[in-house]
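Chains as they are written, first to last, in my numbering: chain R, 1 to 433; chain Z, 434 to 907. Have a look at the structure below, then the notes.
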């Protein structure tokens, strides 16, 4: 059952005081902090942001043809159990949860609904903390403007096996969108949510400042995927943070395909022992695209595992920056923390930067990081050519093979197949015979 | 194992802990006073009787030093504890570098006696350049080296007597403006070695220099420039020991190496400053076509060491290597690493770094590997291994890798480990004490790197590691 929503309420004056306060302090942070420069360690190697951020404004309700386009293209996730679709931060369609889940206490709400009816649910987490990876200024802008997004609350012991999907479309030139995703997974719950970020046209240059926050309570099992496929004009910031508690299982996957410049910050904090957190990412950079990825794995408790794998393929004169830090606090013994960055250079003009970092304050740990950058293995290529596979197909196979390690972790055959299709489309124009 | 045998063994490996822990009454002919301004710099230049261009070079560097901020936005905040006004920037006996042993003043001789220099020389060293405070107190080379045209002099003498050789490279590998401390060194440098090895000359034996700090609040700013002409080979060793003082001292050296076509330079450092010394050193090499530069760096002492030896690979097929061992005990921060800047096709570089953190010691690896566009078939391999001994020990790794171009491969690996309980149990079961077992395990951890050091250095290093490990277990 799909409901099309025609009316829309903006961030209104009826908001609770705590939220108004957080919005105000966000606005102050945004105005007071300087524009980051490459001298800042958190912005090392990043190109300078010369754009006037203030020129981007929230857009009004889009016209029908844009909405129709968005609705008919929100197909990446097949058979979601619930779904929200936004265009320019306006909710245009929602598919609510089935009644039996609502009866069990599960809530999946648009942000406005949640602010109106479930303020107490939001207050402990919503806009409370920004990532500590350099984009505090932009998180401030997000906090003062955010009006669209999804809030997912899963009560203790409830397991949802089907995926939940949220689509955010940008439609207006010089438009600003600030999508927010908040997942609160209580003890022993299980949930999977997919965010898709995309543009309705190839031309509209928009600014995306999205934020997500995951609260994983003891033994919760959370699976969050985010697919960023904006048009090649977009500026994008994704500021994600997550907290894992005792025995929390948290899996993050980020697929990055679009935008002119995309900065992705992901920080996880492990506060309970026995937690198992994975962070995977796949990026395809072409033309003059820049993917700037900053990650932070903090281990505050012993006996936990975190594993990070970021893979990038670079065409043309694109650039990628991977900067990661594993921090093992004093007393977090028996930690296993890994960090791997692999870059495949497909054009000699492409530019891959890696800054894998470790800060270890406990001695009984297994920590490692690795970064490799290289070209296509000539032997592999030769092997395929000698078996009659055309050069172009061989190249595609190798690049897809490079990413398969991440794609197979998506856990859903249909989603994996859809992502493979997206990748193939992107390669089709790139890999020439 | 009986008590007596243990005692016997301890006796056999006993190290004189007080070695290096002594000083003589200060009596300096020239003293530039404390603090740093244009007058200090002009004074140093005057005492040294320097050419006008050297003086200009110093004054310009001073200007840069005053302008540059402290690099505390990425480096340790401990740097803020350096009070530049409390430091003496120049001291000298006012003597010309001596040529024969007899001309060396007695107290200086006694210092070197305790450091074992004459013995070293008797053994197999080709030449000895021992720096006492700012000036080279003793400098001598064997005749056969002189015959081959090798120049081995102090910085002042080098710039005065052989400007045509040294001036073209002086301050070119590391410009004054490279960082705040290279600017400081460029303003007040004194002492150090200037070496020129002519075409095709291969030195079979290493050249060696010892540095000591011997006046309270006195920073040592030596300047080293080694030029290996086409096809030549040289190994240079520097070892540092310093007496202990109560207030922090500053050591800020600049070392420039130039390896021309097909030349090979190996530069070995054993750093064992006392635990109140700030050791902020800039070291870089240029490697031309098919040249090879190897930095072997061992940091055991000092309060804070910041040192990232680099190789700029300028010519095709040039090779650069950094092998480093760092040992950080309580109150120490070893912030070391390596820089490899690839600027030509088919260049390769290798970095192997091993660090050991004991007690509250902190060791940090910071690295940079840079491969710009249009380069083909460059390779880099980086390995960083950290060993943490106690539960509150700390290690950090911050590499930065930029890769472009065709056929270039970069790999970086780092791991953190502790000495496994099984290893210790195995050794204790065979009669070793826990401390001995720990020492043995740590020595095993660095063993493959120790092998790269000349024999007597690796013996000394092994002892130093044993010494540092003492009392860290239990």
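Where a beta carbon is used, it is the ideal one built from N, C-alpha and C, also for glycine.
Residue 634 of chain Z (DSSP reduced to helix, strand or coil): Reading the second chain from its first residue, position 201 is the one you call residue 634 of chain Z. Under the three-state reduction of DSSP, residue 634 of chain Z is assigned to coil, being neither helix nor strand.
Quick one: Cα of residue 744 of chain Z to Cα of residue 776 of chain Z, how far? Position 311 of the second chain, counted from the start, is the residue given in the question as residue 744 of chain Z. Position 343 of the second chain, counted from the start, is the residue given in the question as residue 776 of chain Z. The alpha-carbon atoms of residue 744 of chain Z and residue 776 of chain Z are separated by roughly 10 Å.
Run through the DSSP bridge pairs and tell me what residue 827 of chain Z is partnered with. Here residue 827 of chain Z refers to the residue found at position 394 when the second chain is read from its first residue. Residue 827 of chain Z pairs with Z:795.
Might you give, ordered along the chain, the residues of its own chain that have their beta carbon closer than 8 Å to the beta carbon of residue 794 of chain Z, omitting 5 neighbours on each side? Mapped onto the second chain, residue 794 of chain Z falls at position 361. Excluding residues up to 5 positions away in sequence, 760, 761, 762, 763, 764, 765, 766, 767, 826 and 827 lie with their Cβ nearer than 8 Å to the Cβ of residue 794 of chain Z in the same chain.
Reduced DSSP secondary structure (H/G/I, E/B, other) of residue 697 of chain Z: Position 264 of the second chain holds residue 697 of chain Z. Note: residue 697 of chain Z maps to strand in three-state DSSP.
Which partner residues does residue 359 of chain R have in the DSSP bridge list? As a first step, residue 359 of chain R must be located in the first chain, where it is residue number 359. Answer by DSSP bridge pairing, in chain order: R:327 and Z:829.
Measuring alpha carbon to alpha carbon, tell me which of Z:839, Z:844, Z:790 and Z:834 ends up nearest residue 816 of chain Z. Residue mapping note: residue 816 of chain Z aligns to position 383 of the second chain, counting from 1. Ranking the options by Cα distance to residue 816 of chain Z, first place goes to Z:844.
Can you find at least 3 beta carbon pairs, one from the stretch 837-852 of chain Z and one from the stretch 363-377 of chain R, that sit closer than 8 Å? Yes, the stretch 837-852 of chain Z is in contact with the stretch 363-377 of chain R.
With burial defined as no fewer than 16 other Cβ atoms inside 10 Å of the residue's Cβ, what is the status of residue 734 of chain Z: buried or exposed? One-based indexing of the second chain puts residue 734 of chain Z at position 301. Within 10 angstroms of the beta-carbon of residue 734 of chain Z lie 16 or more other beta-carbons, which makes it buried.
Using 8 Å as the limit for Cβ to Cβ distance, is residue 364 of chain R near chain Z? Position 364 of the first chain holds residue 364 of chain R. Chain Z has a Cβ within less than 8 Å of the Cβ of residue 364 of chain R.
Decide if residue 253 of chain R is buried, meaning its Cβ has at least 16 other Cβ atoms within 10 Å, or exposed. As a position in the first chain, residue 253 of chain R is number 253, starting the count at 1. So residue 253 of chain R counts as buried.
If we call anything under 8 Å between Cβ atoms a contact, is residue 725 of chain Z one with residue 748 of chain Z? In the second chain, the residue the question calls residue 725 of chain Z occupies position 292. In the second chain, the residue the question calls residue 748 of chain Z occupies position 315. Cβ distance not < 8 Å, so residue 725 of chain Z and residue 748 of chain Z don't count as in contact.
Do three or more CB pairs link the stretch 128-141 of chain R to the stretch 87-102 of chain R at distances below 8 Å? Here the stretch 128-141 of chain R does not lie against the stretch 87-102 of chain R, with fewer than 3 beta-carbon pairs under 8 Å apart.
Residues of chain R with a CB under 8 Å from the CB of residue 846 of chain Z: which are they? Residue 846 of chain Z sits at position 413 when you count from the first residue of the second chain. Within chain R, the residues whose beta carbon sits less than 8 Å from that of residue 846 of chain Z are 368, 369 and 370, listed in sequence order.
Taking 8 Å as the CB-CB limit, is residue 360 of chain R close to chain Z? In the first chain, residue 360 of chain R corresponds to position 360, counting from 1. A Cβ of chain Z is located within less than 8 Å of the beta carbon of residue 360 of chain R.
Ranges of the alpha helix (DSSP H) found wholly within the stretch 55-143 of chain R, counting only runs of at least 4: Those alpha helix (DSSP H) runs which fall completely within the stretch 55-143 of chain R and span 4+ residues are 64-73, 99-103, 111-117 and 119-122.
Pair within 8 Å by beta-carbon distance, residue 102 of chain R and residue 93 of chain R: Indexing the first chain from 1 puts residue 102 of chain R at position 102. Indexing the first chain from 1 puts residue 93 of chain R at position 93. With a cutoff of 8 Å on beta-carbon distance, residue 102 of chain R and residue 93 of chain R are scored as not near each other.
From the DSSP output, in three-state form, read off residue 868 of chain Z for me. As a first step, residue 868 of chain Z must be located in the second chain, where it is residue number 435. Note: residue 868 of chain Z maps to helix in three-state DSSP.
Entirely enclosed beta strand (DSSP E) segments - the stretch 342-386 of chain R, minimum 3 residues: Restricted to the stretch 342-386 of chain R, the beta strand (DSSP E) segments that are unbroken, complete and at least 3 residues in length are 351-360 and 366-374, listed in chain order.
What's the gap between the Cα of residue 193 of chain R and the Cα of residue 414 of chain R? Residue 193 of chain R sits at position 193 when you count from the first residue of the first chain. Residue 414 of chain R sits at position 414 when you count from the first residue of the first chain. Their Cα atoms are separated by approximately 15 Å.
Would you kindly work out how many angstroms separate the C-alpha atoms of residue 706 of chain Z and residue 26 of chain R, rounded to a whole number? Indexing the second chain from 1 puts residue 706 of chain Z at position 273. Indexing the first chain from 1 puts residue 26 of chain R at position 26. Approximately 49 Å between the Cα atoms of the pair.
Run through chain Z and tell me which residues come within less than 8 Å of residue 351 of chain R, C-beta to C-beta. On the first chain, residue 351 of chain R is found 351 positions in, with the first residue counted as 1. Within chain Z, the residues near residue 351 of chain R are 806, 835, 836 and 837.
Contact check, residue 668 of chain Z vs residue 628 of chain Z under 8 Å by CB: the rounded distance? The residue labelled residue 668 of chain Z in the question sits at position 235 within the second chain. The residue labelled residue 628 of chain Z in the question sits at position 195 within the second chain. Actually they are not in contact, since the Cβ atoms of residue 668 of chain Z and residue 628 of chain Z sit about 11 Å apart, beyond 8 Å.
List, in chain order, every chain R residue whose beta-carbon is nearer than 8 Å to that of residue 829 of chain Z. Within the second chain, numbered from 1, the residue matching residue 829 of chain Z stands at position 396. Those are 357, 358, 359 and 360, listed as they occur along chain R.
Closer than 8 Å to chain R by CB, residue 501 of chain Z: In the second chain, residue 501 of chain Z corresponds to position 68, counting from 1. Taking Cβ atoms only, chain R never reaches closer than 8 Å to residue 501 of chain Z, which makes this a no.
Integer-rounded CB distance, given that residue 756 of chain Z should sit under 8 Å from residue 718 of chain Z: Taking the second chain and counting its residues from 1, one reaches residue 718 of chain Z at position 285. Taking the second chain and counting its residues from 1, one reaches residue 756 of chain Z at position 323. The C-beta separation of residue 718 of chain Z from residue 756 of chain Z comes to about 14 Å, leaving the pair out of contact by the 8 Å criterion.
Can you give, in chain order, each stretch of the beta strand (DSSP E) that sits fully within the stretch 252-320 of chain R and has at least 3 residues? The DSSP assignment places 261-270, 276-285, 290-299 and 305-314 as complete runs of the beta strand (DSSP E) inside the stretch 252-320 of chain R, in order along the chain (cut-off: 3 residues).
Between the stretch 40-51 of chain R and chain Z, which residues of the former have CB atoms less than 8 Å from a CB of the latter, in chain order? In summary, the residues of the stretch 40-51 of chain R whose CB is separated from some CB of chain Z by less than 8 Å are 40, 41, 44 and 45, in the order they occur in the chain.
Do the stretch 303-323 of chain R and the stretch 277-286 of chain R meet, that is, are 3 or more Cβ pairs less than 8 Å apart? Contact between the stretch 303-323 of chain R and the stretch 277-286 of chain R is present, with at least three C-beta pairs closer than 8 Å.
Indicate the three-state DSSP secondary structure (helix, strand or coil) for residue 427 of chain R in the structure shown. Working through the first chain from its first residue, we reach residue 427 of chain R at position 427. The answer is helix: DSSP assigns residue 427 of chain R an H, G or I state.
Just list the residues that DSSP pairs residue 504 of chain Z with in beta bridges. What you label residue 504 of chain Z is simply residue 71 of the second chain in a count that begins at 1. Under DSSP, residue 504 of chain Z shares a beta bridge with no residue.
Per the contact definition of three or more C-beta pairs closer than 8 Å, is the stretch 69-78 of chain R in contact with the stretch 406-424 of chain R? Yes, the stretch 406-424 of chain R is in contact with the stretch 69-78 of chain R.
Can you find at least 3 beta carbon pairs, one from the stretch 321-331 of chain R and one from the stretch 351-361 of chain R, that sit closer than 8 Å? Flag = yes, the stretch 321-331 of chain R and the stretch 351-361 of chain R touch.
Does any CB atom of chain Z fall closer than 8 Å to the CB of residue 374 of chain R? Position 374 of the first chain holds residue 374 of chain R. Taking Cβ atoms only, chain Z reaches closer than 8 Å to residue 374 of chain R, which makes this a yes.
Given a threshold of 16 other Cβ atoms within 10 Å of its Cβ, counted over all protein chains shown, does residue 172 of chain R qualify as buried or as exposed? In the first chain, the residue the question calls residue 172 of chain R occupies position 172. Buried.
For residue 730 of chain Z and residue 769 of chain Z, believed in contact at Cβ under 8 Å, the rounded distance: By one-based count along the second chain, residue 769 of chain Z stands at place 336. By one-based count along the second chain, residue 730 of chain Z stands at place 297. That pair is a contact at about 7 Å.
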